[in-house]
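Novice: Residues in the sequence shown are numbered consecutively from 9, following the numbering used here.
Quick one: this structure, given as structure tokens, is what I'll be asking you about.
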Amino acid sequence: MTTGKLEGLMMDKRVAIVTGASRGIGAAVARRLAADGLAVVVNYVTGQNRAEAVVRDIVAESGHGVAIGADVSDPADAAALFEAAEAVFGGVDVVVNNAGVMQPGLVSLADTSDDLYERIVSINLGGTFNMLRLAATRLRDNGRIVNFSSSVVGLRPAGYAVYAATKAAVETMTAIFAKEMGPRGIAVTAVAPGPVGTELFLTGKTPEMVERIAAATPLGRLGTPEDVAGVVSFLVGGDGGWINGAVIRANGGMV
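Right under this line is the structure:
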């Protein structure tokens, strides 16, 4: 575990863990929640320098953040992440399960290797499961959980069978976990972004491919990390408490 510098910590703040928050959508979510007044745990696996840069951005805007390394696909690491967050901030109110991997381009089910299958399942599904199981007992009452799915669940494009299957499972767990956590006032939702112009999404795609994907949305553009962060901000904020068990398809109208 590696923690970043804290300045002027206020223990009465709501506290959010954002997994996979060293770059892309996760980093945008971490910055947005800090701007909303939450103390934010910026989780990373290998991107320590990037995670600490996110924390510096947060502190520069008078927010509170800490970078903590943990592989949430490992149950022990996921538990240690909660323990570190509690040690630094005193408790956890919000969990955003953003950590995930995409496959390297289109891969048919028949061509999916054991290693690729296990990697996608262990991180996308296993990591979310580990964090939800811990949140069931470690999250403070009246908290919020936001899981990350993907619009490929509805689009069902060829070449994404395993990836889409993990995200469909996340959506199912979201709906069921919302019922299980409701008595404690904890709302559980999922966000399913469409194509977003992140490093992860753009890697391996030609400019022509990116242009074609952007044109497929009614709004005619790729989403931005900030577009998605705004949705998460609403779900964990004061106006989002009556939304529970829902999947928000933040995809510019792509169907």
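Each residue gets a CB set at the ideal place from its N, CA and C atoms; glycine is no exception.
1) With DSSP collapsed to three states, give me the class of VAL154.
2) Which whole-angstrom value is the C-beta distance of ILE128 and THR197, which I expect to be below 8 Å?
3) Excluding the 5 residues flanking PHE97 on each side, which residues of the same chain have their C-beta closer than 6 Å to its C-beta?
4) Is there contact between the stretch 215 to 222 and the stretch 185 to 199, where contact requires at least three CB pairs shorter than 8 Å?
5) Please list the segments of the alpha helix (DSSP H) lying wholly inside the stretch 45 to 72, counting only runs of 4 or more residues, in order along the chain.
6) Tell me the residue span of the alpha helix (DSSP H) that contains ALA3.
7) Of all the options ILE33, GLY202, ASN132 and THR136, which has the alpha carbon lying nearest to the alpha carbon of GLU234?
8) Buried or exposed: which applies to LYS187, given that a residue is buried once 16 or more other Cβ atoms fall within 10 Å of its Cβ?
9) Nearest-angstrom Cα distance between ARG141 and ALA254?
10) Determine the extent of the alpha helix (DSSP H) in which ILE128 is found, giving its start and end residues.
11) Closest to LEU41 by C-alpha separation, out of MET181, ALA224, TYR125 and SER70, would be which residue?
12) Looking at the unbroken alpha helix (DSSP H) that takes in ILE33, where does it start and where does it end?
13) Which residue spans inside the stretch 163 to 237 form an unbroken alpha helix (DSSP H) run of at least 4?
14) Under the rule that 16 or more other beta-carbon atoms within 10 Å means buried, what is GLU126, buried or exposed?
15) Distance, Cα to Cα, THR10 vs ALA88?
16) Rounded to whole angstroms, what is the Cα-Cα separation between ASN105 and MET139?
17) Can you tell which of PHE137, THR27 and ASP149 has its C-alpha closest to the C-alpha of SER184?
18) Are there three or more Cβ pairs, one per stretch, closer than 8 Å when the stretch 161 to 176 is compared with the stretch 109 to 121?
19) Quick check on the DSSP output: the alpha helix (DSSP H) that includes VAL96 runs from which residue to which?
20) I'd like to know if the stretch 198 to 206 and the stretch 152 to 160 are in contact, where contact means that at least 3 CB-CB pairs between them fall below 8 Å.
21) From ASP101, SER30 and GLY260, pick the residue whose C-alpha is nearest to that of ALA222; which is it?
22) Tell me the residue span of the beta strand (DSSP E) that contains ILE25.
23) CB-CB under 6 Å to ALA35, same chain, minus the five flanking residues each way: which ones, in chain order?
24) Between the beta-carbon of GLY151 and the beta-carbon of VAL80, is there less than 8 Å?
25) With a CB to CB cut of under 7 Å and the five nearest residues on each side skipped, what residues in its chain are close to ARG31?
Specialist: From the atom records:
1) strand
2) That pair is no contact at about 22 Å.
3) VAL23 and ALA47
4) no
5) 56 to 68
6) Residue 3 is absent from the structure shown; the chain starts at 9 and stops at 263.
7) ILE33
8) exposed
9) 19 Å
10) 122 to 128
11) SER70
12) 32 to 43
13) 169 to 189, 207 to 210 and 215 to 223
14) exposed
15) Residue confidence for THR10 is low, a pLDDT of 45 falling below 50, so the modelled location carries little weight and cannot support an answer.
16) 7 Å
17) Before going further, note that residue 184 is Ile rather than Ser in the sequence given. Per the Cα distances, PHE137.
18) yes
19) 83 to 97
20) yes
21) GLY260
22) 23 to 26
23) ALA29 and VAL62
24) no
25) GLY55, ARG58 and GLU207
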